[in-house]
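2 protein chains.
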Amino acid sequence: MDLYEAMRTTRAVRRHRPDPIPDDVLRRVLEAAVWAPTGGNAQPWRMIAVRDPAKRRALRDLYLPLWKEYQQEYMQASAGLTGEAAGKRDRMLAAADHLGEHLDVSPVLVVFCFDVRRMSITDEGLGRPSVVGGASIYHAVQNLLLACRAEGLGCVLTTLLCKAEPVVRTLLEIPAPWATAAFVPIGWPASKGHGPLTRRPVERMAFGDRFGGDLFA
Amino acid sequence: MDLYEAMRTTRAVRRHRPDPIPDDVLRRVLEAAVWAPTGGNAQPWRMIAVRDPAKRRALRDLYLPLWKEYQQEYMQASAGLTGEAAGKRDRMLAAADHLGEHLDVSPVLVVFCFDVRRMSITDEGLGRPSVVGGASIYHAVQNLLLACRAEGLGCVLTTLLCKAEPVVRTLLEIPAPWATAAFVPIGWPASKGHGPLTRRPVERMAFGDRFGGDLFA
Numbered sequence: 055m056d057l058y059e060a061m062r063t064t065r066a067v068r069r070h071r072p073d074p075i076p077d078d079v080l081r082r083v084l085e086a087a088v089w090a091p092t093g094g095n096a097q098p099w100r101m102i103a104v105r106d107p108a109k110r111r112a113l114r115d116l117y118l119p120l121w122k123e124y125q126q127e128y129m130q131a132s133a134g135l136t137g138e139a140a141g142k143r144d145r146m147l148a149a150a151d152h153l154g155e156h157l158d159v160s161p162v163l164v165v166f167c168f169d170v171r172r173m174s175i176t177d178e179g180l181g182r183p184s185v186v187g188g189a190s191i192y193h194a195v196q197n198l199l200l201a202c203r204a205e206g207l208g209c210v211l212t213t214l215l216c217k218a219e220p221v222v223r224t225l226l227e228i229p230a231p232w233a234t235a236a237f238v239p240i241g242w243p244a245s246k247g248h249g250p251l252t253r254r255p256v257e258r259m260a261f262g263d264r265f266g267g268d269l270f271a
Numbered sequence: 055m056d057l058y059e060a061m062r063t064t065r066a067v068r069r070h071r072p073d074p075i076p077d078d079v080l081r082r083v084l085e086a087a088v089w090a091p092t093g094g095n096a097q098p099w100r101m102i103a104v105r106d107p108a109k110r111r112a113l114r115d116l117y118l119p120l121w122k123e124y125q126q127e128y129m130q131a132s133a134g135l136t137g138e139a140a141g142k143r144d145r146m147l148a149a150a151d152h153l154g155e156h157l158d159v160s161p162v163l164v165v166f167c168f169d170v171r172r173m174s175i176t177d178e179g180l181g182r183p184s185v186v187g188g189a190s191i192y193h194a195v196q197n198l199l200l201a202c203r204a205e206g207l208g209c210v211l212t213t214l215l216c217k218a219e220p221v222v223r224t225l226l227e228i229p230a231p232w233a234t235a236a237f238v239p240i241g242w243p244a245s246k247g248h249g250p251l252t253r254r255p256v257e258r259m260a261f262g263d264r265f266g267g268d269l270f271a
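Quick mapping for you: the protein sequence lines, in order, are chains G and Z.
Each step along the first sequence adds one to the number in the numbering used here, with nothing skipped, and position 70 is 124.
Each step along the second sequence adds one to the number in the numbering used here, with nothing skipped, and position 154 is 208.
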């Protein structure tokens, strides 16, 4: 599949069929993640591909109340939306609600872990939340999402289960001080799957030489 | 370009020619970044494409002492390497040192900024460094790196300049509370450019059902 075509059509696909993912397909999408860059090429992250039904149900049971809480917050924060924007939000929330109720239906849930001792964090002590540890993890997650899209697999990035990290750590036998950064349910799309994205135009996302400056004259 | 081929060969390219990047090429790689997912589709990040020579020199002058300090730490931490591993490290450090001395030669330096108020951070208060804010930024950076690879442009992810964020914010007129997450110098490769990667095998990066568990029987 063409790179640009894959990037242009990789979107959250939240309704999955329970059918299993063949080992060779799963291996290709996981290997794509491994190719991503990390600080100092330390590769301080690992994936756990959860296929065990009992563990998937346990993760669903942890996820659902976190999702319901987030959904309430999101509804309140977006209460001012009207028209097409409100319609889009409602369709997104309906799909995300389906995911919350059926997280255990996706045949594979990939859990990204990281070693907190080796994250090359350069933005500590700046008086704002640190994000740079993510530079050694989320490039891999993006490669996984793109590879899933190329294979015809639906997937979506979620991070709510980080709130339940101590329980997840016990469930998946993740040793301290390894931590969790992302949870990606993967499955064959139950409905239309990947397709066009809703994003701001590049002119509003990219500036020239200074914040707010015009880039393309 | 094929997606898997792009992901398999996107590596740090640190020696760039000073030749300018045509607007249409720059626009394509920046637009690819825009397609990436973010928490709640908030897109709480922006890019500043720095082409102004004086600003690029100012960023080089900020970067170089940070790089020299990091280089010392990296040398000490990797002092135990021998043979081919030591050789690889030395070649990487030589290229990275070249980048530090010539950061202003790359015709474009893309600075990724983010809005700290809208990062959907779910891993605060866990007693370990937070990384989840990065889930709304680094997917975009990875798309940019992959698009550069498809266009034949060299590029490399750097984060050291976050340490100089207050000065960078003034230089690029970044308003508070926006912050910086990544700095990607881009240019046409001065030597061989992209190619094979050095990564662990997928069997060592992906587990089945529990941390350390075999995935592929």
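Each residue gets a CB set at the ideal place from its N, CA and C atoms; glycine is no exception.
Go to residue i, then tell me how far its beta strand (DSSP E) extends in each direction, as first and last residue.
i: R100 of chain G; result: 99-104
i: C216 of chain G; result: C216 of chain G -> no beta strand (DSSP E), and no H or E assigned at all.
i: G154 of chain Z; result: That residue, G154 of chain Z, is in no beta strand (DSSP E); its alpha helix (DSSP H) goes 137-155.
i: L113 of chain Z; result: L113 of chain Z -> not in any beta strand (DSSP E); alpha helix (DSSP H) instead, spanning 107-131.
i: V162 of chain Z; result: 162-169
i: A260 of chain Z; result: 260-262
List the residues of chain G that residue i touches, going by C-beta distances under 7 Å, in chain order.
i: C167 of chain Z; result: F265
i: L84 of chain Z; result: V256, A260
i: L153 of chain Z; result: Result: empty, since nearest Cβ-Cβ is about 14 Å, beyond 7 Å.
i: A189 of chain Z; result: G188, Y192, L211, T213, A236
i: L269 of chain Z; result: A103
i: M129 of chain Z; result: Result: empty, since nearest Cβ-Cβ is about 12 Å, beyond 7 Å.
i: C216 of chain Z; result: T176, D177, V186
i: K109 of chain Z; result: D263
Could you name the residues of chain Z that residue i contacts, counting a contact when the two beta carbons are closer than 8 Å?
i: W232 of chain G; result: F265
i: M101 of chain G; result: M259, A260, F261
i: L226 of chain G; result: D263, R264, F265
i: D106 of chain G; result: D263
Could you tell me the boundaries of the alpha helix (DSSP H) in which residue i lies?
i: A87 of chain Z; result: 77-88
i: V195 of chain G; result: 192-205
i: R254 of chain G; result: First-last for R254 of chain G: undefined, no H or E at that position.
i: L57 of chain Z; result: 57-63
Pick helix, strand or coil for residue i, following the three-state DSSP scheme.
i: D177 of chain G; result: coil
i: T234 of chain Z; result: strand
i: H70 of chain G; result: strand
i: G249 of chain Z; result: coil
i: G93 of chain G; result: helix
i: G241 of chain Z; result: strand
i: G267 of chain Z; result: coil
i: G134 of chain G; result: coil
Please compile the residues from chain C whose C-beta is within a distance smaller than 9 Å of the C-beta of residue i.
i: H193 of chain G; result: Reference to chain C is not applicable here, since the protein chains of this structure are G and Z.
If I measure Cβ to Cβ from residue i and keep anything under 6 Å in the same chain, skipping five residues before and after, which residues do I get?
i: I102 of chain G; result: V165, L226
i: A112 of chain Z; result: L225
i: P74 of chain Z; result: P161
i: L199 of chain Z; result: T64, C209
i: W232 of chain G; result: C167, D169
i: R203 of chain Z; result: A60, T64, H248
i: R100 of chain G; result: C167
i: R69 of chain G; result: H152, A244, S245
i: A140 of chain G; result: none
Just to make sure I have the definition right: I need the residues of chain G whose C-beta is within less than 8 Å of the C-beta of residue i. Which are they?
i: Q97 of chain Z; result: R253, R254, M259
i: W121 of chain Z; result: What W121 of chain Z touches in chain G: nothing, since even the nearest Cβ is about 11 Å away.
i: W89 of chain Z; result: M61, R62, T64, L251, R253
i: A204 of chain Z; result: L57, Y58
i: D115 of chain Z; result: In chain order: nothing, as chain G lies at least about 17 Å away.
Name, please, each residue of chain G whose Cβ falls closer than 9 Å to the Cβ of residue i.
i: A69 of chain Z; result: Ala is not the amino acid found at residue 69 of chain Z; the sequence shown has Arg there. By Cβ distance, chain G contributes nothing, its closest Cβ being about 17 Å from R69 of chain Z, past 9 Å.
Counting only Cβ pairs nearer than 7 Å, list the residues of chain Z close to residue i.
i: I175 of chain G; result: P183
i: V170 of chain G; result: R182, P183
i: R81 of chain G; result: V256, F270
Going along chain Z in order, which residues have a C-beta closer than 9 Å to the C-beta of residue i?
i: I75 of chain G; result: Going along chain Z, no residue has its Cβ under 9 Å from I75 of chain G, so there is no contact; the nearest lies around 12 Å.
i: E219 of chain G; result: D177, L180, R182
i: G247 of chain G; result: Those do not exist, as G247 of chain G stays about 15 Å from chain Z at its closest Cβ, beyond 9 Å.
Closer than 8 Å by C-beta to residue i: which residues in its own chain qualify, once you throw out the five before and the five after it? Chain order, please.
i: I175 of chain G; result: S184, V186, G187
i: V79 of chain Z; result: E205, L207
Within the same chain, show all residues whose beta-carbon is closer than 7 Å to that of residue i, passing over the 5 residues directly before and after it, in chain order.
i: A260 of chain G; result: L269
- Can we say the region 56-76 of chain G touches the region 239-253 of chain G, given the rule of at least three CB pairs closer than 8 Å? yes
- Take every Cβ of the region 173-193 of chain Z, pair it with every Cβ of the region 106-122 of chain Z, and state whether three or more of those distances are shorter than 8 Å. no
- Is there contact between the region 206-223 of chain Z and the region 235-243 of chain Z, where contact requires at least three CB pairs shorter than 8 Å? yes
- Taking 8 Å as the threshold, find out whether the region 117-132 of chain G comes into contact with the region 210-224 of chain G through three or more Cβ pairs. yes
- Message: Taking contact to mean 3 or more Cβ pairs, one atom from each stretch, closer than 8 Å, check whether the region 142-157 of chain G and the region 120-134 of chain G are in contact.
- Response: yes
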